[in-house]
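Let me begin by presenting the structure, written as structure tokens, before commenting on it.
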Amino acid sequence: MKEKIECIIKRLISTSRGKGALTGIEIADQFRPHETSFKATFRNLNAAFLICLCGRSHDLYLRAEDYIKELEKRSAWKSAVGFYSRGLSLIDSEIRDRFAEDGVFRENFDKLYRWCGNPQDRFDRIEGINKFWQVFFPEGVSLFEKREYETALLRKKRWIRITHLNPAPVQDPAREILFTSNVLLTTPTLLPSKSIGDLSISKRFKDRLEKIRGEGQIYWYDHPIQIGTKTENNEAVYGLKALDEAIEFEKSRGIVENDARVHCVLSVSVTHSGLHDIAKEYLEDMFKKGEGIHHLWVYVFTEADVCRLIDEILVPAVRYYLNLENADLFHEVIGVDGEYGRHYSFLKAISAFWNVLLDNRIRATFKIDLDQVFPQNELVKESGASALEHFKTPLWGAEGIDEDGNSVKLGMIAGALVNHNDIVHSIFTPDVRFPSEGIKGDEWVFYSPLPQAISTEAEMMTRYGESDPLNGHDRCIQRVHVTGGTCGILVETLRKHRPFTPCFIGRAEDQAYLLSVLFQESNVNLRYVHKDGLIMRHDKEVFANEAIRSAFTGKLIGDYVRILLYSYYARVLPWSVDRIKRWADPFTGCFISHIPFTVVYLRLSLKAASFFGKEKSDEGLDLLKLGQSRLDKIVRDFVCTPDPLKEKYRMEKVVWDTYYNVLDKVEDGLKKDDPFALELRKKAKKLIKDCKLELDV
């Protein structure tokens, strides 16, 4: 087995029998032990790792092995060497285990070994790609050469035959939908020649920022808004102002009454605890600088506000109605700081709280991202309906039968995105284009843009037509591929099915949301309905190009973490991994790997090597430093602890069940005018009032 693994890796990164390395990376060129700078040492270590994977048949194997052993003796490098050493062991054991357990994997692995061991003078590149992907990335096999067929096949797989349309769909979206979004907030990053005093913010913020910057950072996010960012580059101002303008447009069409205001909840996740105290005031100040908000009521929840909600309302209710004393776990699960899964679940769950304790007219929630806007003129022109009119569809809340004969409840809704620069062509232009066949580097073992493009075309770009079998009346499609914004859920559905994204999920929290309740015991499975024409314009590149560039490395590492977390999360859910993947493939499911350690280590090392090979040494170094620091703990936890996510998932499920159970009890109490329930409502109204922003100017 070891010989087979070595042969396959060597074909990727070394010239063999006169044939260049498939990835375009000649790893021997990057192993230069005589270069001893910090950057060069990391490059050499990465190269030595890949050379060792090639085994003794590689000319530099012994030197690479000795290099790793010698480097391990240096205390400054012990952690990095340990990370790579674990990788060597894990790749070997993981492939051996899969080879022994899975006959299909074994057959494909042997085919790849024979192909790599006998390089041809001429070979079909697509054939080679598919042979590698059958082992490392089976979700991508045949998607290049059978694009139209695979798109049609996936769309057919998503078909739903409607048995009952929703008899009482949303009628007044402005009053019945609670809109939500998340703000990521951090302290300013200043050039050496600048200080807090140079920021264009008030003196009271400058004084408080000086103290906050002295705190230790508690959370890290990809591209948070820095306090002091110019208004025109502030994502929160941009997104809320755009939503405000969208509601103004609806009023001009008579869809929304002139005196109505839409409720919008913002969770604010911060990097420093001191920011909790100034977040609300800062956002008020920023929105007023942006000429105010006139058609929305906006409410801000920081972690401190959620703690207050738990301590003043949920914990007393749990003790009173459920006779449970230990409600401390609420603080571990319900909140907005930390990994993205935490705020994502909160922004869904708050609508049930709102419905029970504040306003029973709220029947649904819909999340937007603040770099997305409703392009109202284009929506009306091309889809025949404005944004809010799309929410009135009786498909949202309909019941049906999927292609496997399972009953489904379409209690969730999902829209699509169009990039800012593409909307001139049509709102129905896919935001993810079909990628090039010229793959390179780590793409030989993982290439998610391909199934993402197929999934975007098959699911997100589906249009219903009267003469088409997919007419949007008795047949539609369910969505698996969703985005963080442009998706929602009915409160009734939320309270019955109780989906959540676990707190340990930090990437693709949107696509993880439904996994928690994927196949229900009642045999009525919760699903997203696709609403054609419900499209938002993605404007990130218009005002935040610098943020996108600065987040590049972090997003890469987040992608690797996602493979590990999704792969292990799928193993602790109460359904087989194969069953989950049959539903989730190709895009969402491609992050659920049967050999996750192998894929992650190869992706990281090959991507870094491709940077070094292109003379992008700074990018390569940043990737390896951040990758080793973020991945090492996860790898060690998963290796040392059987089912490391099982107890976390179980605990979070218990908390969310308790949350919805106690809301049911409070609702019953309010119907009976129970004094305790009425007092809880009074406290809830006071809390919400305190979270409300004053935005008129």
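1192 is the number of the first residue of the sequence shown in the working numbering; add one for each residue after it.
The C-beta atom is built at its ideal place from N, Cα and C for all residues, glycine as well.
Of the listed residues the options, nearest to residue i (C-alpha basis)
i     : options                       : result
V1609 : F1803, E1318, R1872 and T1647 : T1647
R1762 : G1745, L1836, A1518 and L1244 : L1836
K1856 : E1406, D1435, R1686 and G1430 : R1686
H1249 : E1194, K1269 and E1298        : E1194
A1576 : T1232, I1196, L1681 and A1437 : A1437
T1890 : I1216, A1555 and L1369        : Outside the displayed span of the chain (1192 to 1888) sits residue 1890, for which this structure offers no information.
C1667 : F1240, L1549, N1449 and R1718 : R1718
G1529 : A1508, S1386 and S1464        : S1464
Y1638 : S1460, V1332 and V1682        : V1332
V1682 : K1230, S1276, E1367 and I1242 : E1367
Q1643 : F1778, Q1711 and W1545        : F1778
A1212 : E1298, W1635, A1291 and Y1511 : W1635
W1306 : L1203, C1498 and R1654        : L1203
Own chain residues within Cβ distance below 7 Å of residue i, not counting five before or after
i     : result
T1348 : Looking at the sequence itself, residue 1348 is Lys, so the reference to Thr does not match. Around K1348: E1594.
L1390 : P1379, K1397 and G1419
R1404 : T1378
E1336 : I1317
Y1473 : F1396 and I1418
H1467 : V1461, T1493, E1494 and A1495
P1660 : R1666
F1750 : Strictly speaking, residue 1750 in this sequence is Asp, with Phe absent from that position. Counting only Cβ-Cβ distances below 7 Å, and skipping sequence neighbours, we find R1698.
K1839 : P1693 and F1695
According to DSSP, residues forming a beta bridge with residue i
i     : result
A1589 : L1601
Y1719 : M1603 and R1670
F1557 : F1370 and G1679
V1461 : L1376
Q1221 : BP columns for Q1221 are empty, so no partner.
S1207 : K1210
N1568 : Looking at the DSSP assignment, N1568 forms no beta bridge with any residue, so it has no partner.
R1352 : I1592 and R1666
Residues of its chain near residue i, where Cβ-Cβ distance is below 6 Å and the 5 sequence neighbours each way are ignored
i     : result
G1532 : T1692, P1693, C1694, I1696 and E1700
N1514 : none
E1439 : H1486
D1613 : T1620
Y1506 : Reading off the sequence shown, one finds Val at residue 1506, where the question assumed Tyr. The residues are A1518.
L1854 : A1543 and V1547
Pairwise C-alpha distance: residue j and residue i
i     : j     : result
L1579 : H1729 : 18 Å
K1874 : L1376 : 28 Å
D1633 : R1287 : 22 Å
V1888 : E1401 : For V1888, the predicted structure reports a pLDDT of 49, less than 50, and the residue's modelled location is therefore unreliable. A value from the coordinates is still provided. Taking the straight line from one Cα to the other gives about 29 Å.
R1234 : D1519 : 46 Å
L1886 : C1678 : 26 Å
A1359 : P1585 : 7 Å
I1196 : G1308 : 11 Å
G1591 : T1354 : 5 Å
I1199 : V1295 : 18 Å
V1623 : L1334 : 15 Å
P1640 : A1267 : 37 Å
F1132 : I1320 : The first residue shown for the chain is 1192 and the last is 1888, placing residue 1132 beyond what the model contains.
K1583 : I1748 : 40 Å
L1795 : G1818 : 7 Å
D1220 : K1805 : 12 Å
T1227 : W1411 : 31 Å
G1273 : L1822 : 12 Å
S1207 : V1527 : 52 Å
L1871 : E1475 : 28 Å
E1650 : Q1669 : 8 Å
L1706 : L1815 : 31 Å
W1587 : F1710 : 19 Å
P1566 : V1374 : 21 Å
Presumed contact (8 Å Cβ cut-off) between residue i and residue j, rounded CB distance
i     : j     : result
V1790 : F1492 : Between F1492 and V1790 the Cβ distance is about 37 Å, and since that is not below 8 Å, they are no contact.
L1878 : L1538 : The Cβ separation is near 16 Å, so there is no contact.
A1540 : H1721 : With a Cβ gap of about 24 Å, A1540 and H1721 do not count as contacting.
S1758 : I1783 : 5 Å
A1365 : V1489 : About 14 Å; that fails the 8 Å criterion.
I1259 : A1239 : 5 Å
D1560 : G1676 : 3 Å
E1843 : V1524 : 5 Å
Same chain, Cβ closer than 8 Å to residue i, five either side skipped, listed in chain order
i     : result
I1825 : V1752, L1755 and L1756
A1703 : G1532, T1692, P1693, I1696, Y1757 and Y1760
P1626 : Y1638, P1640, L1641 and A1644
D1665 : R1352 and I1353
K1442 : E1448, N1449, A1451 and H1486
Contact test: residue i Cβ vs the ligand GTP heavy atom, cutoff 7 Å
i     : result
P1642 : Ligands displayed in this structure: none; no statement on the ligand GTP is therefore possible.
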